[in-house]
Amino acid sequence: MMNTLSSSARRSITKTITRTAEFVSPMHPDKICDRISDAILDAHLRKDPQARVAVDVAGGHGTIFITGEVTSRARVDVVKIAHQIAGEEYEIIERITQQSPEIARGVDVGGAGDQGIMVGYACAETPEYLPLEYVLARDLCRYLFERHPFDGKTQITVEIKYGAKGNFIDAHIKHIVISWSKVPTKQLCADLTFWINDLPKNIVVDKRTGVSINPAGDWNTNGFDADSGLTGRKLIVDNYGPRVPIGGGAFSGKDGTKVDRSAAYYARKIAIDYLQKYDAHEVYVYISYALGRVEPVDAAAFIDGKAHAVTEYDLSPQGIIKELDLTKPQYAERAKWGHFSC
């Protein structure tokens, strides 16, 4: 059947999509582990910018286990670092060895420290070029943590209205979930009200908005006393929220030769570059590597759904490390609020 809509009518067509994202506080068990891993990395880089570090942490119920591979001229007191972040009451078990010679021989010639697919993303919905639902969940979590620095989570479901070309118009928050330890529900309700009052006018909260605050009741047992944690278990929080696919590699505890981290950071830079250059609404960038190879296996971008070859960048691990200054200590702070929020 022939489309009888006028061109002006077609331009005015909008669509509404419901999206949800969560965020966790820096005192969540998984985030404590991420922060310890990245604090150990930072400590090595302060003394040895060429250190190769891949450290994982598992913690819970009185014990913190630190393991991984480190090749560095620096001497780092990992027990002290873990205690500074988690508290003095934990037993620390450390099992760290040097990077294996098989991996090292590929990295020594400038090759990637691992295989994998890294995804970069940018959209025009927010000033940070991040998905709106992710930014809202993160900002609410940060707002609460500044007032109550304890273990907690936030989650926001939002109906986002887009124009015919994919441009963001406005949004309605459908539901807000807050689970926060050591804070009475009544206080969290008051905090939420203040946060809502500062939202932009195109983000609507009204009587249709559902709110769930400590839905299982107020709670005080938190952190490693309530649950175990593990480095890299909050990958979606670390990236862009569930809207955007990820390659699957964790960031925390890894130096820049690990393309899980460095190429993901660079793919994000490329996505922002293209978003600005082409005045786009949404950009995805995919870069894949093979262990020990200098150049990527593949690099491609999709700008508002259209394929675009990525050819104008130095995508070698050493080129990325140099351009993004990834030998500089910076990672423990990134582990707190999302790696692309900085």
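Under our numbering, the first residue of the sequence shown carries the number -7, and numbering increases by one thereafter.
Glycine included, each C-beta is placed from N, C-alpha and C at the ideal position.
Owing to the predicted nature of the structure, the values given are computational and were not obtained by experimental measurement.
Enclosing alpha helix (DSSP H) for residue i [first to last residue]
i: serine 29; result: 21 to 39
i: tryptophan 187; result: 177 to 189
i: lysine 269; result: 251 to 269
i: isoleucine 77; result: 70 to 78
i: glutamine 310; result: 309 to 316
i: valine 229; result: 227 to 230
i: alanine 324; result: 323 to 329
Residue i, enclosing beta strand (DSSP E) - first and last residue
i: phenylalanine 294; result: 290 to 295
i: glutamate 57; result: First, the residue type needs correcting, since residue 57 is phenylalanine and not glutamate in the sequence shown. First-last of the beta strand (DSSP E) with phenylalanine 57: 55 to 63.
i: glutamate 14; result: 7 to 16
i: tryptophan 335; result: What the structure shows of the chain is the stretch from -7 to 334, and residue 335 is not part of that stretch, so it cannot be assessed.
i: arginine 87; result: 83 to 89
i: tyrosine 126; result: Element bounds for tyrosine 126: not the beta strand (DSSP E) but the alpha helix (DSSP H), 124 to 139.
i: alanine 299; result: 298 to 301
Distance, residue j Cα to residue i Cα
i: histidine 331; j: lysine 199; result: 34 Å
i: lysine 328; j: leucine 132; result: 14 Å
i: asparagine 214; j: arginine 27; result: 17 Å
i: alanine 116; j: glycine 108; result: 27 Å
i: histidine 20; j: glutamine 147; result: 14 Å
i: aspartate 100; j: alanine 74; result: 30 Å
i: alanine 156; j: lysine 7; result: 7 Å
i: serine 0; j: glycine 158; result: Note that serine 0 has pLDDT 48, beneath the 50 cutoff, so the model's placement of it is unreliable and no number is given.
i: glycine 98; j: isoleucine 152; result: 46 Å
i: leucine 37; j: aspartate 69; result: 13 Å
i: lysine 314; j: glycine 202; result: 47 Å
i: arginine 139; j: serine 173; result: 12 Å
i: leucine 227; j: tyrosine 257; result: 14 Å
i: glycine 241; j: lysine 178; result: 39 Å
i: histidine 167; j: threonine 185; result: 14 Å
Spatially closest choice to residue i from the options, by CA coordinates
i: alanine 301; options: Ile262, Ala282 and Ala78; result: Ile262
i: valine 150; options: Ala282, Val169, Gln322 and Asp143; result: Val169
i: asparagine 189; options: Arg253, Lys246, Glu81 and Tyr135; result: Tyr135
i: isoleucine 58; options: Tyr266, Leu180 and Tyr82; result: Tyr82
i: isoleucine 346; options: Asn231, Asp106, Glu86 and Ala291; result: In the structure as shown, the chain begins at -7 and stops at 334. Residue 346 is therefore absent and cannot be evaluated.
i: proline 192; options: Ile165, Lys246, Val289 and Ser204; result: Ile165
i: serine 171; options: Gly144, Asp162 and Thr185; result: Gly144
i: aspartate 265; options: Ile88, Asp230 and Glu304; result: Glu304
i: methionine 110; options: Gln310, Tyr323 and Pro237; result: Pro237
i: isoleucine 279; options: Asp162, Gly112 and Arg225; result: Gly112
i: proline 93; options: Ser308, Leu283 and Ala324; result: Leu283
i: aspartate 252; options: Val229, Ala299 and Pro309; result: Pro309
i: leucine 180; options: Asp210, Gly245 and Gly224; result: Asp210
Bridge partners - residue i, DSSP secondary structure assignment
i: lysine 246; result: Ala46
i: tyrosine 113; result: Tyr276
i: threonine 146; result: Phe15 and Ile170
i: glycine 337; result: Summary: the structure shown does not reach residue 337, with the chain confined to residues -7 through 334, and so no result is reported for it.
i: glutamate 287; result: DSSP, once it has assigned bridges, lists no residue as partnering glutamate 287.
i: serine 204; result: Val169
Checklist entry - Just checking, does the segment 260 to 277 make contact with the segment 40 to 60 on the three C-beta pairs under 8 Å criterion? => result Between the segment 260 to 277 and the segment 40 to 60, the count of Cβ pairs shorter than 8 Å is below three; the stretches do not touch.
Checklist entry - Does the segment 212 to 231 come close enough to the segment 7 to 25 that 3 or more CB-CB pairs lie under 8 Å? => result Yes: the two stretches touch, three or more of their Cβ pairs being nearer than 8 Å.
Next on the checklist: Quick test of the definition: if touching needs 3 or more C-beta pairs under 8 Å, does the segment 112 to 130 touch the segment 10 to 17?
Outcome noted: Under the three-pair Cβ rule at 8 Å, the segment 112 to 130 counts as touching the segment 10 to 17.
Item to check | the segment 54 to 73 touching the segment 30 to 46, judged by at least three CB pairs closer than 8 Å | outcome: Short answer: they touch.
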